[in-house]
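Numbering (this note's numbering), first residue to last: 1463 to 1860. Backbone N, C-alpha and C define an ideal beta-carbon position, used for all residues, glycine too.
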Ligand code: AMP
């Protein structure tokens, strides 16, 4: 069976067609500027030179999904002969709240539950819903499965997920820490024990998903015991454009002194902070290039980034009760070997050591020295495959 995996944003839509016989990606693509002048479409059929790329205005996600299906079945440059080959659609959905602890088939009832969680993810949840509704409109006979970014973190105990605010905000408003990047953390949590040669239930490790968005998770016996993101993806380490942890009183102080309202303030913390706020760019490569030329602000941003990750690794080493491994993944974790080495350099006092010969781009597995007290690994993440796997599992039971 082939599964169409959809990751719908407010004005973009990423897709992958995955053949579940061998879990290979047949085609992948991106639609950008949906609902904005100059919608751009691009699809690649993997293992071939077939590319479809064009600019044509698309008013909404339904038009975008129609374009995806046209491209996938294109006679010359498509990936499949007919839509019959697609068994189901799997959707990345931002927020499952406490309602969804795992993936679900989209039904009238579960859709209601997803819609009820819009207030917890006002920017992303409506886009995810639009993606599901677009598939229902264009392919009414195909089942849809919702896979939540928060679900894998639902095993966190109250001591990790409660904020120190009046309890009624948790009971009445569901204000708590949820965590995100769940499909990535879950994928890496599944892969890591294979490299450690242990059963998942016998492993304790720390996952560092370091990309434009970044989060760490503490895993014990295959389950999350803590993670750095909170009610929203704003909490935690420094990111490309997000601040990570800040004293909440900073908001009032900045707002009083600039005249910004709370929406502008949160927009600033989400989109204009992190690397972008402290230095010249949200992109690690640009920040590094600037620092290499002697830009002190860029160097300070890199130092903050590194130090905060080291602090969380220290905290999560306690959370798991002594980690067997630290795992790097996502754009920076997979590609920037020097940044990973810098993070680990701060753990030298604990006997954690990188082996420079193993710490190469493209190396998948252990990159620490043989005598390192905690193993260090680099494992490329795959955020789409868990979505496709869950979708297959759920629709196979129909
Ligand atoms: P992601 O959000 O996982 O796609 O990761 C994006 C981040 O990875 C950006 O900050 C990029 O600068 C960073 N990145 C990607 N490739 C490299 C590389 N070769 N060296 C350093 N950083 C990289």
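_I'd like the span of the beta strand (DSSP E) that includes residue 1725, first residue to last._
Taken as a continuous stretch (DSSP letters only), residue 1725 belongs to no beta strand (DSSP E), being part of the alpha helix (DSSP H) at 1724 to 1733.
*So, are the CB atoms of residue 1489 and residue 1857 less than 8 Å apart?*
No. Outside cutoff.
*Check whether the Cβ atoms of residue 1848 and residue 1826 sit closer than 8 Å, and answer yes or no.*
No, these two residues do not count as a Cβ contact at 8 Å.
*What residue range is occupied by the uninterrupted alpha helix (DSSP H) comprising residue 1506?*
Premise fails: residue 1506 lies in the beta strand (DSSP E), 1502 to 1507, not in any alpha helix (DSSP H).
*Contact check, residue 1803 vs residue 1821, beta carbons under 8 Å*: Closer than 8 Å, so yes.
*What is the rounded straight-line gap between the Cα of residue 1528 and the Cα of residue 1833?*
Each residue's Cα considered, the two are about 55 Å apart.
*Report all residues for which the CB-ligand distance to some heavy atom of the ligand AMP is below 5 Å; order them along the chain.*
Matched residues: 1673, 1674, 1745, 1746, 1747, 1792, 1793, 1794, 1797 and 1798.
*Quick one: Cα of residue 1703 to Cα of residue 1599, how far?*
Approximately 35 Å, taken between the alpha carbons.
*In its own chain, which residues sit with a C-beta less than 7 Å from the C-beta of residue 1591, not counting the 5 before and 5 after it?*
1576 and 1577.
_residue 1806 (DSSP reduced to helix, strand or coil)_ = Residue 1806: helix per DSSP, three-state reduction.
*Which stretch, first to last residue, makes up the beta strand (DSSP E) that contains residue 1609?*
From DSSP, the beta strand (DSSP E) with residue 1609 extends over 1606 to 1610.
_Beta-carbon proximity list for residue 1814, same chain, < 8 Å, skipping 5 on both sides_ = The answer, listed in chain order, is 1788, 1806, 1830, 1834, 1835, 1836 and 1838.
*Taking Cβ to Cβ, would you say residue 1593 is nearer than 8 Å to residue 1523?*
Yes; because the gap between Cβ atoms is below 8 Å, this pair is in contact.
*Is it true that the segment 1501 to 1510 meets the segment 1526 to 1545, where meeting means three or more beta-carbon pairs spaced less than 8 Å apart?*
The segment 1501 to 1510, when compared against the segment 1526 to 1545, does touch it at the 8 Å Cβ threshold.
_Nonlocal neighbours in the same chain, by C-beta distance under 8 Å from residue 1518, ignoring five residues either side_ = 1501, 1503 and 1529.
*When the Cα atoms are used, what is the spatial distance from residue 1764 to residue 1758?*
Between residue 1764 and residue 1758, the C-alpha separation is close to 10 Å.
*asked:* For the beta strand (DSSP E) containing residue 1704, name the first residue and the last one.
replied: Under the DSSP assignment, residue 1704 falls outside any beta strand (DSSP E); it carries neither an H nor an E label.
*For the alpha helix (DSSP H) holding residue 1623, just list the boundary residues, first then last.*
That run of the alpha helix (DSSP H) goes 1620 to 1623.
_C-alpha distance - residue 1498 paired with residue 1638, whole-angstrom precision_ = In this structure, the straight-line span from the alpha carbon of residue 1498 to that of residue 1638 is close to 35 Å.
*Could you tell me which residues DSSP puts in a beta bridge with residue 1517?*
Residue pairing of residue 1517 in beta bridges, as defined by DSSP: 1502.
_Secondary structure, beta strand (DSSP E): runs of 3+ residues fully inside the segment 1639 to 1707_ = Those beta strand (DSSP E) runs which fall completely within the segment 1639 to 1707 and span 3+ residues are 1666 to 1672, 1676 to 1682 and 1685 to 1689.
*Can you check whether the CB of residue 1465 is closer than 8 Å to the CB of residue 1475?*
Judged by beta-carbon spacing, residue 1465 lies beyond the 8 Å limit of residue 1475, meaning their Cβ atoms are not closer than that value.
*By how many angstroms is the C-alpha of residue 1692 removed from the C-alpha of residue 1669?*
Residue 1692 has its alpha-carbon roughly 16 Å from the corresponding atom of residue 1669.
*Supposed close pair residue 1563, residue 1622 - CB separation, criterion 8 Å*: That pair is no contact at about 15 Å.
*In or out: residue 1603 buried (at least 16 other Cβ within 10 Å) or exposed?*
Its Cβ having fewer than 16 others within 10 Å, residue 1603 is exposed.
*Tell me the DSSP bridge mates of residue 1469?*
For residue 1469, the beta-bridge partners assigned by DSSP are 1476.
*Taking C-alpha atoms, which residue in 1651, 1782, 1690 and 1545 lies nearest to residue 1624?*
Taking only the C-alpha atoms, the option nearest residue 1624 is 1690.
_For residue 1579, three-class secondary structure by DSSP_ = Per DSSP, reduced to three states, the secondary structure at residue 1579 is coil, with no helix or strand assignment.
*With residue 1480 and residue 1487 assumed to form a contact (beta carbons below 8 Å), what rounded beta-carbon distance in angstroms separates them?*
In this structure residue 1480 touches residue 1487 by the C-beta definition: roughly 6 Å separates them, less than 8 Å.
*For the alpha helix (DSSP H) that residue 1523 lies in, which residues bound it at each end?*
Boundaries of the alpha helix (DSSP H) harbouring residue 1523: 1523 to 1534, taken from the DSSP string.
*Residues that residue 1494 bridges to, as DSSP identifies them*: DSSP, once it has assigned bridges, lists 1502 as partnering residue 1494.
*To which residues does DSSP link residue 1839 through a beta bridge?*
DSSP output for residue 1839 lists 1789 and 1828 as bridge partner(s).
_Euclidean distance between Cα positions of residue 1635 and residue 1482_ = Residue 1635 and residue 1482 have their C-alpha atoms roughly 39 Å apart.
*Rounded distance between the beta-carbons of residue 1684 and residue 1662, thought under 8 Å*: Here residue 1662 really is in contact with residue 1684; their C-beta atoms are around 4 Å apart, less than 8 Å.
*Expressed to the nearest angstrom, what Euclidean distance is found between the alpha-carbon atoms of residue 1545 and residue 1568?*
Counting only the Cα atoms, residue 1568 lies some 20 Å from residue 1545.
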